[in-house]
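To start, the structure itself, in structure tokens.
Protein chains: 2
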Amino acid sequence: MRELDETDLQILELLTEDARRPFSDIAEQVDLSPPAVSDRVDKLRESGVIRRFTLDLDRSQLRAGVPVLVRLDLPSTEVAAVTDNLRESEGVEHVFVTVEGDVVFSARFRSDAVREGIDEVVDLKRVTDYDVTIVSEMEWVPSVGGTEFALTCAECGNTVTSEGESDRIGGNQYHFCCPSCAARFREQYERFSADAE
Amino acid sequence: MRELDETDLQILELLTEDARRPFSDIAEQVDLSPPAVSDRVDKLRESGVIRRFTLDLDRSQLRAGVPVLVRLDLPSTEVAAVTDNLRESEGVEHVFVTVEGDVVFSARFRSDAVREGIDEVVDLKRVTDYDVTIVSEMEWVPSVGGTEFALTCAECGNTVTSEGESDRIGGNQYHFCCPSCAARFREQYERFSADAE
DNA sequence: AGTGAAAATCTCTCAGT
DNA sequence: ACTGAGAGATTTTCACT
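Those protein sequence lines, which keep their order, are chains A and B. So our numbering is basically just the index in the first sequence, starting at one, shifted up by 2. So our numbering is basically just the index in the second sequence, starting at one, shifted up by 2.
If you want it as structure tokens, here you go:
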């Protein structure tokens with residue numbers, strides 16, 4: 003993975019605040035030329051750190067229906083099929099997969115047809131059990147990481163330098179300042195996952 | 003509230019896909035001039051439908067720590083204070099308030115300091131009980147509403163015309179095609195909320 | 001990787017409908 | 001509310017470091 007420096011994080015911060023901010027504006031704040039900012043943004047997109055430029059919408063003004071939080075209890079063999087389907091479904095906003103293998107998602111459904119709505123987005127034959135909670139407020143907090151800019155070691159919290167390493171564990175990318183932190187993290191992660199059942 | 007028409011929803015859809023898409027590009031697709039698109043976007047921002055132009059980031063590549071889902075059990079008098087604090091905290095990504103008055107949030111914390119991390123973002127003195135689930139995948143699904151464009155009545159699903167009405171119930175804006183649907187929705191909402199305890 | 005300058009593109013303003 | 005045209009701003013390209 004390409005090394006993210008502090009300038010990249012500043013750029014991300016500024017674009018998270020306002021994704022249409024001119025590059026010339028950003029350039030001034032991070033002390034680069036506009037083309038240099040443009041280059042870095044291109045690379046951040048290519049590397050997948052920036053998934054897309056998008057809108058933060060007040061969906062309560064937009065989409066009819068009650069917002070709900072649904073927890074699905076299901077065999078681990080079905081997780082992939084179910085989450086794939088959720089991602090493509092109407093009204094689904096967030097999808098979480100827990101290490102126990104549960105799936106939690108948020109969505110909006112018509113108030114008189116919550117069960118039917120769920121039935122449309124998840125194949126209930128694949129699911130052992132589920133429960134639904136109505137939500138009265140749903141909010142996404144778009145921020146890069148506030149004041150803490152540098153990449154920190156997931157194990158010890160130290161700043162990760164170019165000596166550090168990165169690894170993908172349980173579907174997520176983690177950064178470590180040294181190999182021993184990486185090893186210890188993996189142990190702890192496995193122990194935590196086992197505890198959770 | 004100003005009426006959202008199909009063109010507005012198309013514009014939102016296009017900007018959700020790529021918030022830096024030129025207005026001239028959008029103009030062509032919705033059959034308007036670029037200044038007209040710009041005007042509509044301004045109004046969508048003013049009315050609060052567009053909260054901001056932002057980035058969808060792959061936070062797993064960015065922020066150290068384990069992603070977790072936390073459920074807080076707390077007195078209803080404390081909900082506002084706790085959620086306000088969460089919104090301003092480092093590492094918190096989503097905040098949900100259920101109609102039962104529970105708070106659910108997602109965040110990332112250092113693997114060796116999950117409890118401490120939670121302690122930093124919520125004042126545990128205000129909380130009756132809480133539980134933590136480690137998450138292995140966390141995904142936001144940014145889409146406006148896919149193929150279903152028109153505003154639909156939260157009660158009966160019919161298209162809401164200018165005869166319809168809108169109301170804010172439990173912190174969310176709902177749209178109705180007629181007053182009787184609005185009344186029936188309120189009843190059902192209250193019954194559902196009562197059931198949920 | 002970055003710069004500066006020119007070319008191309010996009011956004012905004014404004015008078016008019 | 002929208003359009004079209006022009007002014008002004010922004011982004012991209014490219015030769016060079």
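The beta carbon of each residue, even a glycine, is placed where N, CA and C say it ideally should be.
As assigned by DSSP and simplified to three states, the class of residue i
i: residue 165 of chain B; result: The pLDDT assigned to residue 165 of chain B is 48, lower than 50, so where the model puts this residue is not dependable; a value taken from the coordinates is nonetheless given after this. Three-state result, residue 165 of chain B: coil.
i: residue 1 of chain B; result: The question about residue 1 of chain B has no answer, for chain B in this structure spans 3 to 199.
i: residue 3 of chain B; result: Low per-residue confidence applies at residue 3 of chain B: pLDDT is 45, beneath 50, and the placement is therefore not dependable, though the value from the model is reported in the following sentence. It is coil, neither helix nor strand.
i: residue 22 of chain A; result: coil
i: residue 64 of chain A; result: coil
i: residue 110 of chain B; result: strand
i: residue 146 of chain A; result: coil
i: residue 124 of chain A; result: coil
i: residue 49 of chain B; result: coil
i: residue 34 of chain B; result: coil
i: residue 152 of chain B; result: With a pLDDT of 49 at residue 152 of chain B, under the threshold of 50, the predicted position of this residue should be treated as unreliable, though the coordinate-derived value follows. In this structure, residue 152 of chain B counts as coil in the three-state DSSP scheme.
i: residue 91 of chain B; result: coil
Cα-Cα separation between residue i and residue j, rounded to whole angstroms
i: residue 41 of chain B; j: residue 102 of chain A; result: 48 Å
i: residue 27 of chain B; j: residue 120 of chain B; result: 45 Å
i: residue 122 of chain B; j: residue 136 of chain B; result: 18 Å
i: residue 117 of chain B; j: residue 127 of chain B; result: 14 Å
i: residue 19 of chain A; j: residue 54 of chain B; result: 7 Å
i: residue 7 of chain B; j: residue 96 of chain B; result: 29 Å
i: residue 17 of chain B; j: residue 106 of chain B; result: 29 Å
i: residue 3 of chain B; j: residue 185 of chain B; result: Only weak support exists for where residue 3 of chain B lies, its pLDDT of 45 falling under 50; the value from the coordinates is given anyway. Between residue 3 of chain B and residue 185 of chain B, the C-alpha separation is close to 19 Å.
i: residue 31 of chain A; j: residue 79 of chain A; result: 49 Å
i: residue 94 of chain B; j: residue 88 of chain B; result: 7 Å
i: residue 149 of chain A; j: residue 90 of chain B; result: Caution applies to residue 149 of chain A, whose pLDDT of 38 falls short of 50 and renders its modelled position unreliable; the model cannot decide the point.
i: residue 81 of chain B; j: residue 138 of chain A; result: 12 Å
i: residue 142 of chain A; j: residue 77 of chain A; result: 29 Å
i: residue 51 of chain B; j: residue 189 of chain A; result: 45 Å
i: residue 45 of chain A; j: residue 5 of chain B; result: 40 Å
i: residue 64 of chain A; j: residue 43 of chain B; result: 15 Å
Among the options, the one whose alpha carbon lies nearest that of residue i
i: residue 140 of chain A; options: B:92, B:37, B:86; result: B:86
i: residue 131 of chain A; options: A:75, A:88, A:84; result: A:75
i: residue 47 of chain B; options: A:104, A:54, A:128, A:58; result: A:58
i: residue 35 of chain A; options: A:50, A:13, A:117; result: A:13
i: residue 60 of chain B; options: B:110, B:39, B:98; result: B:110
i: residue 99 of chain A; options: A:43, A:146, A:56, A:108; result: A:108
i: residue 124 of chain B; options: B:32, B:9, B:84; result: B:84
i: residue 187 of chain B; options: A:90, A:67, A:78; result: A:67
i: residue 113 of chain B; options: A:15, A:32, A:183; result: A:183
i: residue 49 of chain A; options: B:51, B:43, B:62, B:45; result: B:62
i: residue 92 of chain B; options: B:81, B:104, B:69, B:79; result: B:69
i: residue 115 of chain B; options: B:104, B:134, B:138; result: B:134
i: residue 56 of chain A; options: B:82, B:45, B:21; result: B:21
i: residue 104 of chain B; options: B:51, B:72, B:16; result: B:72
i: residue 33 of chain A; options: A:23, A:77, A:9; result: A:9
Residue i: CB within 8 Å of a non-hydrogen atom of the ligand ADP
i: residue 39 of chain B; result: Ligands are entirely absent from the displayed structure, and the ligand ADP is therefore not among its contents.
Identified DSSP bridge partners for residue i
i: residue 135 of chain A; result: A:71
i: residue 129 of chain A; result: According to DSSP, which records beta bridges pairwise, residue 129 of chain A is partnered with nothing at all.
i: residue 141 of chain A; result: B:97
i: residue 188 of chain A; result: The partner list for residue 188 of chain A (beta bridge, DSSP) is empty, contrary to what the question assumes.
i: residue 54 of chain A; result: B:58
i: residue 84 of chain A; result: Per DSSP, none; premise fails for residue 84 of chain A.
i: residue 105 of chain B; result: B:74, B:99
Close Cβ partners of residue i (< 8 Å) along its chain, the five nearest in sequence each way excluded
i: residue 29 of chain B; result: 35, 36, 38, 39
i: residue 144 of chain A; result: 18, 58
Other residues of its chain near residue i: CB distance less than 6 Å, five sequence neighbours each side excluded
i: residue 25 of chain A; result: 36, 39, 40
i: residue 165 of chain A; result: For residue 165 of chain A, the predicted structure reports a pLDDT of 48, less than 50, and the residue's modelled location is therefore unreliable. A value from the coordinates is still provided. Result list for residue 165 of chain A: empty, nothing under 6 Å.
i: residue 129 of chain A; result: 74, 76
Cβ-based neighbour list, residue i, same chain, cut-off 7 Å, excluding 5 preceding and 5 following
i: residue 23 of chain A; result: 16, 17
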